[in-house]
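Protein chains: 2
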Amino acid sequence: MITTPLNQLWLYDTTLRDGTQREGLSVSIEDKLRIAHRLDELGIPFIEGGWPGANPKDGQFFQQLQQNPLKQAEAVPFCSTRRPHTKAADEPMLQAILAAGTRWVTIFGKSWDLHVTAGLKTNLEENLAMIGDTIEYLRSQGRRVIYDAEHWFDGYKQNPDYALQTLKAAATAGAEWLVLCDTNGGTLAHEVSQIVKDVSCQEIHQIGIHTHNDSEMAVANALAAVMAGAKMVQGTINGYGERCGNANLCSVIPNLQLKLGYSCIGEHQLSQLTEASRFVSEVVNLAPDEHAPFVGISAFAHKGGIHVSAVERNPLTYEHIQPELVGNQRRIVISEQSGLSNVLAKARTCGIELDKDHPQARQILQRMKKLESEGYQFEAAEASFALLMYEALECRQQFFKVQGFQVHCDLVEVEATTNSLATVKVSVNGKNILEAAEGNGPVAALDAALRKALVNFYPQIADFELTDYKVRILNGNRGTSAKTRALVESGNGQQRWTTVGVSSNILEASYQAVVEGLEYGLLLHFQAEKLLKV
Amino acid sequence: MITTPLNQLWLYDTTLRDGTQREGLSVSIEDKLRIAHRLDELGIPFIEGGWPGANPKDGQFFQQLQQNPLKQAEAVPFCSTRRPHTKAADEPMLQAILAAGTRWVTIFGKSWDLHVTAGLKTNLEENLAMIGDTIEYLRSQGRRVIYDAEHWFDGYKQNPDYALQTLKAAATAGAEWLVLCDTNGGTLAHEVSQIVKDVSCQEIHQIGIHTHNDSEMAVANALAAVMAGAKMVQGTINGYGERCGNANLCSVIPNLQLKLGYSCIGEHQLSQLTEASRFVSEVVNLAPDEHAPFVGISAFAHKGGIHVSAVERNPLTYEHIQPELVGNQRRIVISEQSGLSNVLAKARTCGIELDKDHPQARQILQRMKKLESEGYQFEAAEASFALLMYEALECRQQFFKVQGFQVHCDLVEVEATTNSLATVKVSVNGKNILEAAEGNGPVAALDAALRKALVNFYPQIADFELTDYKVRILNGNRGTSAKTRALVESGNGQQRWTTVGVSSNILEASYQAVVEGLEYGLLLHFQAEKLLKV
Numbered sequence: 227m228i229t230t231p232l233n234q235l236w237l238y239d240t241t242l243r244d245g246t247q248r249e250g251l252s253v254s255i256e257d258k259l260r261i262a263h264r265l266d267e268l269g270i271p272f273i274e275g276g277w278p279g280a281n282p283k284d285g286q287f288f289q290q291l292q293q294n295p296l297k298q299a300e301a302v303p304f305c306s307t308r309r310p311h312t313k314a315a316d317e318p319m320l321q322a323i324l325a326a327g328t329r330w331v332t333i334f335g336k337s338w339d340l341h342v343t344a345g346l347k348t349n350l351e352e353n354l355a356m357i358g359d360t361i362e363y364l365r366s367q368g369r370r371v372i373y374d375a376e377h378w379f380d381g382y383k384q385n386p387d388y389a390l391q392t393l394k395a396a397a398t399a400g401a402e403w404l405v406l407c408d409t410n411g412g413t414l415a416h417e418v419s420q421i422v423k424d425v426s427c428q429e430i431h432q433i434g435i436h437t438h439n440d441s442e443m444a445v446a447n448a449l450a451a452v453m454a455g456a457k458m459v460q461g462t463i464n465g466y467g468e469r470c471g472n473a474n475l476c477s478v479i480p481n482l483q484l485k486l487g488y489s490c491i492g493e494h495q496l497s498q499l500t501e502a503s504r505f506v507s508e509v510v511n512l513a514p515d516e517h518a519p520f521v522g523i524s525a526f527a528h529k530g531g532i533h534v535s536a537v538e539r540n541p542l543t544y545e546h547i548q549p550e551l552v553g554n555q556r557r558i559v560i561s562e563q564s565g566l567s568n569v570l571a572k573a574r575t576c577g578i579e580l581d582k583d584h585p586q587a588r589q590i591l592q593r594m595k596k597l598e599s600e601g602y603q604f605e606a607a608e609a610s611f612a613l614l615m616y617e618a619l620e621c622r623q624q625f626f627k628v629q630g631f632q633v634h635c636d637l638v639e640v641e642a643t644t645n646s647l648a649t650v651k652v653s654v655n656g657k658n659i660l661e662a663a664e665g666n667g668p669v670a671a672l673d674a675a676l677r678k679a680l681v682n683f684y685p686q687i688a689d690f691e692l693t694d695y696k697v698r699i700l701n702g703n704r705g706t707s708a709k710t711r712a713l714v715e716s717g718n719g720q721q722r723w724t725t726v727g728v729s730s731n732i733l734e735a736s737y738q739a740v741v742e743g744l745e746y747g748l749l750l751h752f753q754a755e756k757l758l759k760v
Numbered sequence: 227m228i229t230t231p232l233n234q235l236w237l238y239d240t241t242l243r244d245g246t247q248r249e250g251l252s253v254s255i256e257d258k259l260r261i262a263h264r265l266d267e268l269g270i271p272f273i274e275g276g277w278p279g280a281n282p283k284d285g286q287f288f289q290q291l292q293q294n295p296l297k298q299a300e301a302v303p304f305c306s307t308r309r310p311h312t313k314a315a316d317e318p319m320l321q322a323i324l325a326a327g328t329r330w331v332t333i334f335g336k337s338w339d340l341h342v343t344a345g346l347k348t349n350l351e352e353n354l355a356m357i358g359d360t361i362e363y364l365r366s367q368g369r370r371v372i373y374d375a376e377h378w379f380d381g382y383k384q385n386p387d388y389a390l391q392t393l394k395a396a397a398t399a400g401a402e403w404l405v406l407c408d409t410n411g412g413t414l415a416h417e418v419s420q421i422v423k424d425v426s427c428q429e430i431h432q433i434g435i436h437t438h439n440d441s442e443m444a445v446a447n448a449l450a451a452v453m454a455g456a457k458m459v460q461g462t463i464n465g466y467g468e469r470c471g472n473a474n475l476c477s478v479i480p481n482l483q484l485k486l487g488y489s490c491i492g493e494h495q496l497s498q499l500t501e502a503s504r505f506v507s508e509v510v511n512l513a514p515d516e517h518a519p520f521v522g523i524s525a526f527a528h529k530g531g532i533h534v535s536a537v538e539r540n541p542l543t544y545e546h547i548q549p550e551l552v553g554n555q556r557r558i559v560i561s562e563q564s565g566l567s568n569v570l571a572k573a574r575t576c577g578i579e580l581d582k583d584h585p586q587a588r589q590i591l592q593r594m595k596k597l598e599s600e601g602y603q604f605e606a607a608e609a610s611f612a613l614l615m616y617e618a619l620e621c622r623q624q625f626f627k628v629q630g631f632q633v634h635c636d637l638v639e640v641e642a643t644t645n646s647l648a649t650v651k652v653s654v655n656g657k658n659i660l661e662a663a664e665g666n667g668p669v670a671a672l673d674a675a676l677r678k679a680l681v682n683f684y685p686q687i688a689d690f691e692l693t694d695y696k697v698r699i700l701n702g703n704r705g706t707s708a709k710t711r712a713l714v715e716s717g718n719g720q721q722r723w724t725t726v727g728v729s730s731n732i733l734e735a736s737y738q739a740v741v742e743g744l745e746y747g748l749l750l751h752f753q754a755e756k757l758l759k760v
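Note that the protein sequences, when read in sequence, are chains A and D.
For the first sequence, counting from 1, position 152 maps to 378 in my numbering; every step adds exactly one.
For the second sequence, counting from 1, position 155 maps to 381 in my numbering; every step adds exactly one.
Below, the structure is given as structure tokens:
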């Protein structure tokens, strides 16, 4: 057994399971894989990936994860106990989580007597057997088990003896973690504190906490539980979750680590928290909360003259933590210094070592700010940002130039068919090429026509593929005339890159991103391994 | 003196002062007057209206309020103490708050020695004199005084003796309330609890609490302070405020009143909390937070079949409070995990009393599941779900039928212009109509052409507007050929409804949602008030 320091806590992320319960959030398997790998990099030790027994897509997620496994983190599937009066070994749901092929599994069971009798319609003894049998069976199949005690706090308040019996059944059967869940989110911090202390007195070690935000207490409740002895904290990135969400790990982690002195993730990983938060919001296609604690764009924004000069003299007078510790930054309207260092940092990630005194550095910042005010966003579109920098540095190679395009769509309702036809005019090496192609949508047709026009000049384009395409309507209150932002992810088999386009015309926004995607792919091909030092 | 029950708390709203510090929020004087009157109706006893000495608009607000005074609440202007080495009577800022003509005023002063020496650049004695003189002067002018101790918690942690001296200076000069402010929002609940207890030991009665949300602890900190003895709670509606916001009164009030048994506002007033929250967000023109605790549209939303039948049998099993207590309502969400009970519950909210044994009920569920597996999502598109039900029940009225459409987009790169032209063919009452329209994007053009074709038959279409439009690409790994889901929100001035379309062609998906949006609007017009019983 590895000894761990006393202040070590274990984080358990459930963005990919409980987080996806948020209304309006839905993710593809690819989205889930990207998020899982990002959380792995962030240093989260347990990543709950889904409920394979309830949702076949979640089963596929674990299959695909086996092809490209996580580096450090344990991927964990989630499942309920066996149903009443069945055998655990015969339970298809449990076979599904075994098939996930993970070292750890999470099983949730009922703690509240009312849920057993009125919900499951069985007796209290059978519920204890369901918890015990299920965990024993999974242990016999070589799995390590985390037990989520559903409705723990409500159950304990109603019938503490029975609630404790359920925990003991799980512990006796071999569960290594007992996670107390505030499933309805109605518990307040002083109650969490008292109840976690009560449970700790029972000599049940390795307690975890899982809280919901229905009383706007999820983060406070998680902290209260840790201070009362819990060693595992479950939550989600950006607090995504059913109803009002789960405990927001983007607030829980810095509070625990920076204020209470617990150890959760590495210092360097903590400094990537803001980026990870925005990455997840981009992948799930939800606008980031600008006012989010710690990671929001407004979290360290300062207004007002005296205030700004004071914060510049001594940041501690107006900031509760140093924003850089969580990868965020102070934002002061009159000072562009922070913006410039951001540009330099970004340049480095694109392989460009740009000096802060380089005359073009400030110009890139201005151009980026202007584009961002128009709705462009470079957080998730590094390839477009690299092209912007190459252009400012006058080293953007022109592989081709699109002169214009036309798209035509025709839907005939009686035949229920839609045809899209695109024509493009492109000049390459001084030659004008006109090409047309069909596709099952206007963007697909446009992409096909562009490739057709370019592949004779650049045969490597045949290996490029468009791997993801996301559209977000900005200023939605202007209806279909609103601005549209398109993000296109492209790949060449080894690398992937993302480009962005913005326009009030959804096709033009998409076209911009598709064109830059092809251009950046060519750049990678011709400038591979070349580190620009400027 | 009126005797008050022991559990009475005083709420102090600062939406109109601290709330307006939120980035992106700006209000006119009329907006502020409307909000003040609404908060008065809600039963908030103190309403901070602004800082007349710093902002002339705030002075006008108080002038106008004198024409149309609040019924119950005290309007309160806010101001700092006098500047160092001046006389309070000569301070123009203080004249401005006297001119506001209110019974109560709030004065804030420095508690943290560092802010006195480094910020105000004066000595610690002078700061005490500034607090005392200012309050004495206002008392001599007949005002009752609330004292806000800025940076209280940080100051107390650094130099408790000096911090306590500032409070005593305020109390001695005649301040009736001493409000402890966590100005930087970095304090955790256990610290708030301990420090408020420390202050209470000093026999300083009438303590208030003012918290910020930078650690996602504002609500928890307010509750901790009350439980440690504070009797006034400051906060804002929807938690609006600088950076990450202030304590959200929409969460503070129900927690205090429904869970901790304190008395803040009347029971009937509490049942208007959700409406008040949405009213304020409408007036300040910010989209309401759908996931807000207590008052968000998702706060009592239920997914998942077993879950829904359980909540209908016994709401307490899955709801931490009765939603009606805060004027919110349970909402059954239609999603992938839905069972028959969700469909029936949802039908009821559409005005359709569907029996679970009705032959069509299971068919609706099957159809819905099939569509959802194709990428449709009815969670946020209740109008499309209603149309689906009407169709299954063979009572979907056909107002018009689209026979086909064509969209043409043309981008000329040299001119940097894009034109979109749409033509539609629609049959209404056996007549075929062909119409064309332009727009600054293909969907806008399509929407315009459809309205043009239909408005002569259905003049009420002129009142419909497209209020929001969202696009999401499903299975992104198929690139631009992937399926697209479009959600369209429409309105008629009184109601809003959302429809969904899915297709591999982004234009067709948008077209489906736009067409159903028009159809549902007509249905509302012609079938208003008609309850279908099947």
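In this text, a Cβ means the ideal position worked out from N, Cα and C, and glycines have one as well.
Query	Result
For I547 (chain D), does the three-state DSSP call read helix, strand or coil?	coil
Please state the DSSP three-state secondary structure of N521 (chain D).	Looking at the sequence itself, residue 521 (chain D) is Val, so the reference to Asn does not match. Three-state DSSP puts V521 (chain D) in coil, outside helix and strand.
In the DSSP assignment, find the beta strand (DSSP E) that holds G358 (chain D) and state where it starts and stops.	Segment L350 to S366 is the alpha helix (DSSP H) holding G358 (chain D); no beta strand (DSSP E) there.
Given a threshold of 16 other Cβ atoms within 10 Å of its Cβ, counted over all protein chains shown, does K627 (chain A) qualify as buried or as exposed?	exposed
Tell me, please, whether the CB atom of Y695 (chain D) is closer than 8 Å to any CB atom in chain A?	yes
Between the alpha carbons of G665 (chain D) and Q498 (chain D), how many angstroms are there, rounded?	42 Å
Please name the residues in the stretch 726-748 of chain D whose beta-carbon is closer than 8 Å to at least one beta-carbon of chain A, in chain order.	S729, S730, N731, I732, L733, E734, S736, Y737 and V740
Taking only beta-carbon atoms, is C470 (chain A) less than 8 Å away from chain D?	yes
Which two residues bound the contiguous beta strand (DSSP E) that contains N233 (chain D)?	Per DSSP, N233 (chain D) belongs to no beta strand (DSSP E) and is neither H nor E.
So I732 (chain D) packs on V669 (chain A), CB below 8 Å; how close in whole Å?	6 Å
Please report the distance separating the alpha-carbon of T240 (chain A) from that of T462 (chain A).	5 Å
At a Cβ cut of 8 Å, what residues of the stretch 242-261 of chain D count as close to chain A, listed as they run along the chain?	Q247, R248, E249 and G250
Excluding the 5 residues preceding and the 5 following F526 (chain A) in the sequence, name in chain order all residues of the same chain whose CB lies nearer than 7 Å to its CB.	E545, P549, N554, Q555, R556 and R557
Could you name the residues of the stretch 620-638 of chain D whose beta carbon sits closer than 8 Å to any beta carbon of chain A, in the order they occur along the chain?	K627, V628, Q629, G630, F631, Q632, V633, H634, C635, D636, L637 and V638
Which bits of chain D does E442 (chain A) rub up against, with CB to CB less than 7 Å?	V445, N474, S477 and P519
Report the neighbours of K595 (chain D) on chain B: residues whose CB is nearer than 9 Å to its CB, in chain order.	Checking the listed chains, one finds no chain B in this structure; the protein chains it contains are A and D.
Please classify M443 (chain D): does DSSP put it in a helix, a strand, or coil?	coil
For the alpha helix (DSSP H) containing C476 (chain D), list its first residue and its last residue.	L475 to P480
How would you list, in chain order, the residues of chain D whose beta-carbon sits under 8 Å from the beta-carbon of A415 (chain A)?	A415, A446, L449 and A450
Select from the stretch 328-352 of chain A all residues with a C-beta closer than 7 Å to any C-beta belonging to chain D, and list them in chain order.	L340, H341, A344 and G345
Which bits of chain A does S646 (chain D) rub up against, with CB to CB less than 7 Å?	N731
Taking a Cβ distance cut-off of 8 Å, strictly less, list which residues of the stretch 544-558 of chain D are near chain A, in chain order.	Y544, E545, H546 and I547
Starting from I255 (chain A), follow the alpha helix (DSSP H) in both directions and report where the run begins and ends.	I255 to L268
For L219 (chain D) and P310 (chain A), I'd like the C-alpha separation in whole angstroms.	This structure does not reach residue 219 (chain D), given that chain D is present from 227 up to 760, and the question cannot be answered.
Do you know whose CA, among A:R308, A:L570, A:V459 and A:K596, lies nearest A587 (chain A)'s CA?	A:L570
Closest Cβ-Cβ distance between N439 (chain D) and chain A: below 8 Å?	yes
What are the boundary residues of the alpha helix (DSSP H) that includes P585 (chain D)?	P585 to S599
Take R622 (chain D) and list the residues in its own chain whose beta-carbon comes closer than 7 Å to its own, dropping the five residues that flank it on each side.	L613 and Y616
Report the residue ranges of all beta strand (DSSP E) runs contained in full by the stretch 639-721 of chain A; include only those spanning at least 3 residues, in chain order.	643-654, 657-665, 691-699 and 710-717
Using a Cβ-Cβ distance under 8 Å, would A536 (chain D) count as near chain A?	yes
For S561 (chain A), which residues in the same chain have their Cβ closer than 6 Å to its Cβ, ignoring the five residues on either side in sequence?	Confidence is the limiting factor: at S561 (chain A) the pLDDT is only 34, short of 50, which leaves the residue's position unreliable, though a coordinate-based value still follows. For S561 (chain A), where only same-chain residues beyond five positions count, there are no Cβ hits under 6 Å.
Enumerate in chain order the residues of its own chain whose CB-to-CB distance from T174 (chain D) is below 6 Å, with the five nearest sequence positions on each side excluded.	Nothing about residue 174 (chain D) can be read from this structure; chain D reaches only from 227 to 760.
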